[in-house]
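Here is the structure we will look at.
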Amino acid sequence: MSRTGPKYVIHTLFDDFCDAEHPERYLGIGLRSEEEVALLRELDRALTVAEDQAPGGFDAEMLRVEGRAEVVAVAGRLSQVMVGNDLGEILALHEARGAAEA
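Each number in the working numbering comes from the position in the sequence shown (counting from 1) with 981 added on.
Right under this line is the structure:
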């Protein structure tokens, strides 16, 4: 089954970032830490469970399945870690730039 188009936004957004089954391949590319890798793998497992509960795979179904709460919880933890890591990197670059200008 092809899972593209407006009815499959959840699946498309998740898949387009990287290979969630093998997120370690993206460490240093799109993922900054082992924690991000572990959380992305956990999100893949939670999303797989939720997808199994939504046989048609449509987003409307995904929003009603029992596994949705776990997907949201893991995605929330992952986003907090990723934003924190990105902000840390931005701060380090800013400090390095300030030191170079001094």
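Beta carbons are placed, not taken as given, at the ideal position from N, Cα and C, and that holds for glycine.
Would you mind reading off the limits of the alpha helix (DSSP H) that contains residue i?
i, result
"Q1034", "Here Q1034 belongs to no alpha helix (DSSP H), and DSSP marks it neither H nor E."
"R1013", "Run containing R1013: none; DSSP gives neither H nor E here."
"R1045", "Per DSSP, R1045 belongs to no alpha helix (DSSP H) and is neither H nor E."
Does the Cβ of residue i have 16 or more other Cβ atoms within 10 Å, making it buried, or fewer, making it exposed?
i, result
"V1052", "buried"
"A1027", "buried"
"L1044", "exposed"
"V1055", "buried"
"A1041", "exposed"
"A1081", "exposed"
"L1074", "exposed"
Using the three-state DSSP reduction, which class does residue i fall into: helix, strand or coil?
i, result
"H1003", "coil"
"A1054", "helix"
"A1081", "helix"
Report task. Give a yes or no on contact between the region 1013-1023 and the region 1054-1071, applying the rule of three or more CB pairs nearer than 8 angstroms. Result -> yes
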